[in-house]
Amino acid sequence: MAPPKISDWTKAKNGTNANKSPLKFDDFGIYMRHKQSKLVEICKDKVDNALPQIFKDCICYINGYTSPDPRELAEIISSRGGVSIQFLNGKTAVTHIIATQLTPRKMEEFRKCKVVKPQWVVDSAAAGKLLPIFDYSIIDLAGNNMTLKLTKPVQMKQPPHKAGQDSDNFILQFYAKSRLHHLSTWKSELKHHFQSHVTEYMTQKASSSQKDRQIIAHIDFDCFFASVSLLKFPHLAQKPVCVTNSTSTTGNSSADIASCNYIAREYGITNGMWLGKARQLCPDLQCLSYDFEAYETASKALYDYILNIGVDAVLPVSVDEVLVDISSLCYARVNGEVSLADAAHQVAQEMRQHIFESTRCTISVGIGPNVLCAKVALRRAKPDGYVVLLDSASIDQELGACSLKSLPRIGPSLSAKLSQNLNAHTLSDLRAYTLEQLQKCVGSRTGEVLFKYCRNEDDTDIRIIPDRKSVSADISWGIRFNSLQETENFMRSFTKEISRRLKEINMKGSFLTVKLLIRAKDAPIESAKHLGSGKCDSITRSTPLYMYTDEPDYIFSYAWKEVLAVNAPPEELRGIGLQITKLVHQDYEDKQQRLNFALLEEKGKNNKRKSGSDDCDIPSQIDLAVLSQLPPSLQEEIRKRIRLGKVVDAGHKEIEDSPIQVPSQIDPLVVAQLPHEIRKAIEKDIATRGEKCDVLPRLSQVDQEVFDALPEHIRQEIMNEYDREEKEVENEKEMAADTEINDEVTLSQWTILKEGLGENISWEIFITLPKSVQVQTICEHHELKKRHKAVGQKPGMRDTFAKLKGMRMNEDDFDNFLSGWVEARKDIGPDYETEKVIGKYISDLIDIEGNRSTAINGVKWLDILLKGCGNQLWHTTIKRLQRTVIDKTGCEVIF
DNA sequence: TTAGTGTGGTAGC
DNA sequence: GATCGCTACCACACTAA
């Protein structure tokens with residue numbers, strides 16, 4: 001970018017000038033623009049052509065107190081062709097900022113500008129040319145500032161105050177400034193980065209890493225954020241300093257302190273403390289902004305170094321903290337004169353020295369035979385030191401004296417429990433207890449860990465970095481919604497965010513957990529922290545997604561359903577979290593693409609699957625692209641069937657342990673609608689697994705009612721597919737399939753059967769019944785179905801109708817009822833009697849049961865069912881029902 | 001027992 | 001002006017069958 005030219009600037013300003021209008025009393029912005037353009041005019045008047053025009057390309061902003069004073073400086077600048085301004089409006093492109101000193105805040109603000117001392121102006125004028133600014137700069141130019149072009153940093157668009165207003169922007173801004181978000185994502189990224197590295201490394205070094213002679217170093221920057229942020233303000237190094245988001249200079253701020261230097265800590269200030277409280281403890285506290293880029297640079301320096309010295313394993317703990325196996329490094333130095341401890345000392349010193357040289361920040365190092373000891377040693381080493389704990393006597397002593405709170409995995413809750421129940425405060429206190437006693441107090445796993453801690457043992461293996469198991473996003477700041485619509489908007493943006501994160505790491509997930517923070521009954525409406533969550537009740541709900549996905553809309557549909565199901569008033573929401581689990585890599589998913597419901601056709605009914613045998617795994621997903629092209633009703637049908645079929649996660653280890661595989665089948669309609677080539681590919685795929693499988697189902701397996709509901713062109717396509725195949729299958733005992741069981745009951749048949757019987761029989765049980773009983777059951781079902789058809793109702797409709805009147809339905813029942821109603825009367829139109837009952841039911845759901853979601857979803861479902869229906873009566877009915885919901889909920893924009 | 005689900009705790013600055 | 005209270009993972013309690 002070329003530096004701004006004064007001519008451009010004056011042009012722009014003149015443009016503004018041309019629009020000069022009478023000022024309103026309070027229009028400060030316009031006032032400033034007038035004032036500035038006026039200044040330019042004055043500057044032009046002051047040009048002295050007898051003087052060299054050395055400042056002709058300069059726009060200088062004179063900040064605060066200067067010597068010579070601003071007026072005099074302005075005089076020097078303007079007489080030599082430059083422009084000096086005394087106000088910044090955020091849009092002006094200044095080339096130089098003239099200042100004697102800057103507050104930390106301004107320093108940060110002007111980080112990317114040329115900030116020079118007034119003497120530069122004076123000296124340049126005297127020299128008759130612009131002097132290099134190096135000797136006059138008041139910002140450390142050793143960094144990369146010089147490479148950056150100048151202009152005042154563009155003012156960020158102010159983020160919306162709250163999440164409900166402009167969700168996309170809010171989420172973006174929120175995460176850009178959240179330190180905890182950065183910490184977490186850095187950690188994940190580093191882990192991911194080192195995962196591959198470690199694997200590679202470990203195969204090379206397999207022999208050198210015997211656990212019994214392991215030496216672990218725990219390395220950590222001292223007050224990382226504060227140290228790094230301070231690099232740009234060396235004059236503050238001896239003052240109490242903290243890093244915070246807050247821009248307030250006084251008052252009782254509720255901004256968190258991310259990090260503070262050791263001088264500030266002497267006042268009792270700690271990380272996470274609110275700025276207001278910290279100021280009470282130390283009124284002289286200096287605040288610095290976050291500098292995430294600089295943190296990354298320092299972090300990279302640390303990790304680069306670690307990788308280059310030949311360590312045996314690396315486990316990132318955080319952006320500034322790492323566990324390394326330095327066994328080989330140490331043992332290589334041991335000889336007649338150098339003991340193992342000596343070697344460890346040398347390594348620690350070298351590390352500290354090198355990192356300080358490359359980052360100008362200090363690190364501390366703790367060294368021990370395992371992670372526990374290294375951590376304890378590190379705690380002793382801080383700040384700016386190192387401790388080696390390798391002989392058992394000193395380990396015993398150090399560990400014994402350790403407060404429980406300072407040990408890994410023991411936080412406030414656990415230490416309180418140990419203190420209250422066992423009166424234990426240090427590890428030596430804990431040594432008095434048996435394994436059973438500890439387990440009884442804190443649970444079996446934690447009890448075992450503590451028991452080992454007492455004996456200086458720690459199983460943590462830093463060579464193992466497991467695969468990512470979940471991807472989540474949480475926001476519990478700024479969440480203030482005024483309506484369900486705002487909540488929905490936010491959820492849409494939020495699912496986009498989680499989808500983005502999945503895509504970023506090339507993964508898809510098949511299980512969703514939604515977490516809602518709802519203001520606790522006894523919490524005030526407004527939390528003590530500005531826009532914070534305050535005290536909340538947390539509610540989590542989870543649901544399978546029935547396929548591996550990273551699609552925002554698809555995830556949204558399930559997430560939103562869960563949110564509605566919680567039925568919390570939008571105004572009471574204080575936090576929202578989404579988590580996707582059961583992940584697979586996209587690469588894996590690609591191989592398994594397309595077709596997919598768990599089509600694990602079990603050959604022997606009671607055959608347990610051989611543990612660990614993959615050869616009969618058939619992918620359990622369906623391509624979203626295919627699914628999304630189907631009519632909504634069919635999509636829903638498919639999802640319901642998958643739900644019934646209990647999709648088995650083919651990529652997941654659990655499958656190996658699962659004792660019973662739920663038998664299910666490819667949904668015939670879905671298969672039939674797949675493009676020919678894909679179906680062929682699937683057939684081939686299945687064939688290579690040694691299974692006999694007709695991918696195109698027998699026509700008899702196709703649910704005729706669903707088929708009839710399909711649009712004409714899709715039906716035609718399906719029929720073409722059948723034509724293309726051998727036609728004998730088509731005619732093979734169509735009727736027989738209805739009355740007898742040839743092989744096994746398919747899931748499609750089962751779905752209908754179950755619905756017809758209206759009973760709670762599980763597939764697993766049914767399949768174990770003697771064949772004769774199965775046949776009898778199915779025959780009974782068909783009888784039942786015929787009778788119901790005679791009265792023009794779907795099986796189960798009467799019962800459901802009775803339930804509807806008696807308010808005893810769940811959401812699925814209600815949806816099924818609506819489906820049945822539509823199916824029975826799609827062409828002739830709705831009967832008013834039923835509409836009345838439904839209207840009453842909806843009203844009562846909302847009024848009496850407070851269950852908005854079932855009511856809303858029901859009407860939405862009805863709308864979906866009748867998409868494309870030509871009968872106007874139905875649409876009037878939908879409108880009436882929608883109006884009922886709107887009136888009852890008070891939300892105008894639900895539909 | 002076992003599996004599934006919801007909740008809570010911990011770590012980093 | 002405010003303010004950006006995240007994220008991954010583990011362990012445990014509870015429930016249903």
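The opening residue of the first sequence carries number 1 in full-length UniProt numbering; numbering runs sequentially from there. Backbone N, C-alpha and C fix where the C-beta goes; we use that ideal spot for every residue, glycine too.
* Bounding residues of the alpha helix (DSSP H) (the contiguous stretch that carries His354) -> Element bounds for His354: Leu340 to Thr359.
* Asked: Alpha carbon to alpha carbon, what distance is there between Tyr554 and Cys869?
  -> Cys869 and Tyr554 have their C-alpha atoms roughly 25 Å apart.
* Are the region 437-452 and the region 389-402 in contact at 8 Å, needing three or more beta carbon pairs? -> No: fewer than three Cβ pairs fall under 8 Å.
* For Asn506, which residues from the same chain have a beta carbon less than 8 Å from its beta carbon, with the 5 sequence-adjacent residues on both sides left out? -> Excluding the 5 residues flanking it on each side, Asn506 has same chain C-beta neighbours closer than 8 Å at His585, Gln586 and Asp587, in chain order.
* Asked: Where DSSP assigns a beta bridge to Ala217, which residues make up the other side?
  -> BP columns for Ala217 point to Val324 and Ile367.
* **Beta-bridge partners of Phe225, as assigned by DSSP** => Phe225 is not bridged to any residue.
* Is it right to say Pro830 is buried, meaning 16 or more other beta carbons lie within 10 angstroms of its own, or is it exposed? -> Counting of Cβ neighbours within 10 angstroms places Pro830 among the buried residues, the total reaching 16 or more.
* **Met507 - containing beta strand (DSSP E), residue span** => Element bounds for Met507: Met507 to Arg519.
* Have a look at Ala377 and Thr543 and give me their C-alpha separation to the nearest angstrom. => Their Cα atoms are separated by approximately 44 Å.
* To do: Say whether the region 271-285 touches the region 419-432, bearing in mind that this needs 3 or more beta-carbon pairs closer than 8 Å, one atom from each stretch.
  => Of all C-beta pairs linking the region 271-285 to the region 419-432, fewer than three are shorter than 8 Å, placing the two stretches out of contact.
* Asked: Who are the near neighbours of Ala528 in its chain, counting only those whose CB is closer than 8 Å to its CB and skipping five residues on each side?
  -> Contacts found: Ser254 and Gly534.
* Exposed or buried, what is Leu512 when buried is set at 16 or more other beta-carbons lying within 10 Å of its beta-carbon? -> A residue is called buried once 16 or more other Cβ atoms fall within 10 Å of its Cβ, and Leu512 is buried on that count.
* Asked: For the 8 Å Cβ check, are there 3 or more pairs between the region 379-390 and the region 230-245?
  -> Three or more Cβ pairs closer than 8 Å define a contact, and the region 379-390 falls short of that threshold against the region 230-245.
* Asked: Excluding sequence positions up to five away, which residues of its chain have a Cβ less than 7 Å from the Cβ of Arg501?
  -> These residues qualify, in order along the chain: Val471 and Ala473.
* Span of the alpha helix (DSSP H), counted from its first residue to its last, around Met491 -> In the DSSP annotation of this structure, the continuous segment of the alpha helix (DSSP H) that includes Met491 starts and ends at Leu484 to Glu504.
* Asp429 versus Ser406, Ile410 and Cys402, residue with shortest Cα-Cα distance -> It is Cys402 whose Cα lies nearest to the Cα of Asp429.
* To do: List the endpoints of the continuous beta strand (DSSP E) containing Gln286.
  => It spans Gln286 to Leu288 - the beta strand (DSSP E) in which Gln286 sits, taken as one unbroken run.
* Asked: Where does Cys330 fall in DSSP's three states?
  -> The answer is helix: DSSP assigns Cys330 an H, G or I state.
* **Proximal residues to Gly478 (C-beta, below 6 Å), its chain only, five neighbours per side dropped** => Annotation for Gly478: Lys162, Ala163 and Leu531 place their beta carbon closer than 6 Å to its own, counting only its chain and skipping 5 residues before and after.
* **As assigned by DSSP and simplified to three states, the class of Ser84** => It is a strand residue.
* Asked: Looking only at its own chain, which residues have a Cβ that is under 8 Å from the Cβ of Glu266, when we skip the five neighbours before and after it?
  -> The residues are Pro240.
* What are the boundary residues of the beta strand (DSSP E) that includes Ser542? -> For Ser542, the enclosing beta strand (DSSP E) covers residues Cys536 to Thr549.
* Counting Cβ pairs, one atom from each stretch, are 3 or more of them under 8 Å apart for the region 67-77 and the region 118-135? -> The region 67-77, when compared against the region 118-135, does touch it at the 8 Å Cβ threshold.
* Are three or more beta carbon pairs between the region 296-308 and the region 355-367 nearer than 8 Å? -> As far as the Cβ criterion goes, the region 296-308 touches the region 355-367, which means the pair count is three or higher.
* Asked: Mind checking whether Ala348 and Val388 have CB atoms under 8 Å apart?
  -> Going by C-beta atoms, Ala348 is nearer than 8 Å to Val388.
* alpha helix (DSSP H) segments (min. 4 residues) lying fully within the region 223-279 -> With a minimum length of 4 residues, the continuous alpha helix (DSSP H) runs that stay inside the region 223-279 are 224-230 and 262-265.
* Asked: Which same chain residues, not among the five before or five after Ala125, have their C-beta less than 6 Å away from its C-beta?
  -> Cβ within range, chain order: Ile76.
* Asked: Among Gly575, Phe556 and Ile216, which residue has its Cα nearest to the Cα of Pro369?
  -> Here the closest residue by C-alpha is Ile216.
* **Separation of Thr540 from Ile498, as counted between CA atoms** => In a straight line, the C-alpha of Ile498 is about 17 Å away from that of Thr540.
* **Beta-carbon proximity of Gly411 to Ile475, cut-off 8 Å** => At a Cβ-Cβ threshold of 8 Å, Gly411 and Ile475 do not count as neighbours.
* Roughly how many angstroms lie between the CA atoms of Gln485 and Ile580, to the nearest whole one? -> Rounded to the nearest angstrom, the two C-alpha atoms are 24 Å apart.
* **beta strand (DSSP E) segment containing Tyr386, residue limits** => Start and end: Tyr386 to Val388.
* Burial state of Thr854, where buried means 16 or more other Cβ atoms lie within 10 Å -> So Thr854 counts as buried.
* Let me know the secondary structure DSSP gives Gly575 once reduced to three states. => Residue state, collapsed to three classes: strand.
* To do: State the start and end residues of the unbroken alpha helix (DSSP H) segment that holds Ala298.
  => For Ala298, the enclosing alpha helix (DSSP H) starts and ends at Phe292 to Asn308.
* To do: For Ile171, I'd like the list of residues in its chain whose CB is within less than 6 Å of its CB, leaving aside the five on either flank, ordered along the chain.
  => Only Ser493 and Glu497 meet the Cβ criterion.
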